[in-house]
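Q: Just so we're aligned, residue 28 is where the sequence shown starts under my numbering, counting upward by one. Yeah, the Cβ is synthetic: ideal placement off N, Cα and C, and Gly gets one too.
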Amino acid sequence: MLAPKRSFMGQVAYLIGMYVHFLKVYVKTLVAYRADTIIAVIAGIVAQGSTLVFLTVIFKRIPMLAGWDYNELVFMFGLAATGRALNQTFFNAPFMLTGNIRNGRMDMMMVRPVGVLFQTIGYSQELNGVGQLITGIAIMGYAASHLDMSWTFLPVLYVVIALLCSALIQYSILLTISVLTFWFQEIRSLIYPVTWLYDFTRYPMQIFHPILRGLLTYIIPYSLASFYPAAYLLRPEQYGWAAWGVPAVTLVIVMGAYFIWSQGLRRYSSVAG
Numbered sequence: 028m029l030a031p032k033r034s035f036m037g038q039v040a041y042l043i044g045m046y047v048h049f050l051k052v053y054v055k056t057l058v059a060y061r062a063d064t065i066i067a068v069i070a071g072i073v074a075q076g077s078t079l080v081f082l083t084v085i086f087k088r089i090p091m092l093a094g095w096d097y098n099e100l101v102f103m104f105g106l107a108a109t110g111r112a113l114n115q116t117f118f119n120a121p122f123m124l125t126g127n128i129r130n131g132r133m134d135m136m137m138v139r140p141v142g143v144l145f146q147t148i149g150y151s152q153e154l155n156g157v158g159q160l161i162t163g164i165a166i167m168g169y170a171a172s173h174l175d176m177s178w179t180f181l182p183v184l185y186v187v188i189a190l191l192c193s194a195l196i197q198y199s200i201l202l203t204i205s206v207l208t209f210w211f212q213e214i215r216s217l218i219y220p221v222t223w224l225y226d227f228t229r230y231p232m233q234i235f236h237p238i239l240r241g242l243l244t245y246i247i248p249y250s251l252a253s254f255y256p257a258a259y260l261l262r263p264e265q266y267g268w269a270a271w272g273v274p275a276v277t278l279v280i281v282m283g284a285y286f287i288w289s290q291g292l293r294r295y296s297s298v299a300g
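1. Kindly indicate which residue of V80, N114, W288 has the alpha-carbon position closest to the one of L202.
2. Rounded to the nearest angstrom, what separates V138 and G283 at their Cα positions?
3. When burial is assigned at 16 or more other CB atoms within 10 Å of the CB, is V39 buried or exposed?
4. How far does the alpha helix (DSSP H) with L191 in it extend, from its first residue to its last?
5. Between T83, P256, P231, R293, which lies nearest to P182 when the distance is taken from Cα to Cα?
6. In this structure, how does DSSP classify W210 when only helix, strand and coil are distinguished?
7. Give the straight-line distance between the Cα atoms of A93 and L243, rounded to the nearest whole angstrom.
8. Just list the residues that DSSP pairs L92 with in beta bridges.
9. Skipping 5 residues on each side, what residues in its chain have a beta carbon closer than 6 Å to that of V281?
10. Do the segment 134–151 and the segment 103–120 meet, that is, are 3 or more Cβ pairs less than 8 Å apart?
11. What are the boundary residues of the alpha helix (DSSP H) that includes P274?
12. Taking the alpha carbon of T277 as the reference point, which residue from G241, V206, E264, S193 has its own alpha carbon closest?
13. Which residues bound the alpha helix (DSSP H) around T162?
14. Under a three-way DSSP split, which group does Q38 fall into?
15. Return the Cβ separation of T116 and G156 in integer angstroms, given the expectation that the two are a contact with Cβ distance under 8 Å.
16. Going straight from the alpha carbon of R222 to that of Y230, what length do you get?
17. For H48, does the three-state DSSP call read helix, strand or coil?
18. Could you confirm whether any beta carbon from chain D is found closer than 8 Å to the beta carbon of V39?
19. Between I85, R132, Q152, which lies nearest to V143 when the distance is taken from Cα to Cα?
20. For L29 and H236, what's the separation of their Cα atoms in angstroms?
21. If you draw a straight line from the alpha carbon of A80 to that of T162, how long is it in whole angstroms?
22. Under three-state DSSP, which class holds S77?
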């Protein structure tokens, strides 16, 4: 099937409309499966709340951690949790790739007049991320209200940009790993450990060994998806480079992941073949 010819802006408008349609289907799913939605929200609150309790217990004995106080760490945790939930809720596509290939759904996507990657993203909304998203925003807002931070337009805009960058960095890293399924039959044993590495970035990078800091900054740059944006908001005079560095690195990572995806897609052969 040939896609109709559109201008660049026409194509952008078409894709936005298409994604809105995917979101409508997702919202209908949340409404249709009320019990699952409620359980997911409760599970997210419990999961994030347990870590918050852990931080509270620790700070009753240790007033500062690597120079960061309790409210600062809670803010870091809230931003990291919100970014993680955004990724899980709207960009869960890397976890679906292997299944799409094995059940033949990829063949169906290949003949549609919309990009395969776009369709994969559209189908990938994850119910379990809703509760964590709500809880993450609440935790971040609570911590921000207890910090001496000026919430003018620019800081709020940067929070939005930082959260989007966080979701895209996680998505791009996991997509790069999942694309290996075009060369190897099973990669889930690799993608899950890489996902779990993100949990380290809920805490200050200074508390970790230099090797781990290097891994999470230069090899698998999860720290740019959570710690450094939070550090910039809390201490802009010390982490000013993150204002432009995080969006710039995000763009590079997204472009790199898309290039690798394109190379992998060329190797795809139909399951019917």
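A: Taking the structure as given:
1. Residue 202 sits at position 175 when you count from the first residue of the sequence shown. Nearest C-alpha to L202: W288.
2. What you label residue 138 is simply residue 111 of the sequence shown in a count that begins at 1. What you label residue 283 is simply residue 256 of the sequence shown in a count that begins at 1. Roughly 25 Å separates the two Cα atoms.
3. Along the sequence shown, one-based indexing puts residue 39 at 12. That one is exposed.
4. Here residue 191 refers to the residue found at position 164 of the sequence shown. Annotation: the continuous alpha helix (DSSP H) that includes L191 extends over 180–205.
5. Residue mapping note: residue 182 aligns to position 155 of the sequence shown, counting from 1. Ranking T83, P256, P231, R293 by Cα distance to P182 puts P256 first.
6. Counting from 1 along the sequence shown, the entry for residue 210 is found at position 183. Collapsing the DSSP output to three states places W210 in coil.
7. Stepping through the sequence shown from its first residue, residue 93 is reached at position 66. Stepping through the sequence shown from its first residue, residue 243 is reached at position 216. Cα to Cα, the separation comes out at about 18 Å.
8. Position 65 of the sequence shown, counting from 1, holds the residue named residue 92. The partner list for L92 (beta bridge, DSSP) reads W95.
9. Stepping through the sequence shown from its first residue, residue 281 is reached at position 254. Excluding positions up to five away in sequence, the list reads L195, S199.
10. Touching, yes.
11. Mapped onto the sequence shown, residue 274 falls at position 247. Looking at the DSSP string, the run of the alpha helix (DSSP H) that includes P274 is 269–293.
12. On the sequence shown, residue 277 is found 250 positions in, with the first residue counted as 1. Checking every option, the nearest Cα to that of T277 belongs to S193.
13. Counted from its first residue, the sequence shown places residue 162 at position 135. It spans 156–172 - the alpha helix (DSSP H) in which T162 sits, taken as one unbroken run.
14. Stepping through the sequence shown from its first residue, residue 38 is reached at position 11. The three-state reading of DSSP puts Q38 in helix, counting H, G and I together.
15. Locating residue 116 in the sequence shown gives position 89, counting from the first residue. Locating residue 156 in the sequence shown gives position 129, counting from the first residue. T116 to G156, Cβ: 3 Å. Contact.
16. As a working note, residue 222 is residue 195 in the sequence shown. As a working note, residue 230 is residue 203 in the sequence shown. In the sequence as displayed, the identity of residue 222 is Thr instead of Arg. The alpha-carbon atoms of T222 and Y230 are separated by roughly 16 Å.
17. Numbered from 1 along the sequence shown, position 21 holds the residue referred to as residue 48. H48 falls in the helix class under three-state DSSP.
18. No chain D is present in this structure, which holds just one protein chain.
19. Locating residue 143 in the sequence shown gives position 116, where the first residue counts as 1. Comparing Cα-Cα distances from V143 to each of I85, R132, Q152, the minimum goes to R132.
20. Reading the sequence shown from its first residue, position 2 is the one you call residue 29. Reading the sequence shown from its first residue, position 209 is the one you call residue 236. Summary for L29: the model assigns pLDDT 49, below 50, so the residue's position carries little reliability, and this model does not support an answer.
21. Counting from one through the sequence shown, the residue named residue 80 turns up at place 53. Counting from one through the sequence shown, the residue named residue 162 turns up at place 135. First, the residue type needs correcting, since residue 80 is Val and not Ala in the sequence shown. The alpha-carbon atoms of V80 and T162 are separated by roughly 13 Å.
22. As a first step, residue 77 is located in the sequence shown; it is residue number 50 there, counting from the start. The answer is helix: DSSP assigns S77 an H, G or I state.
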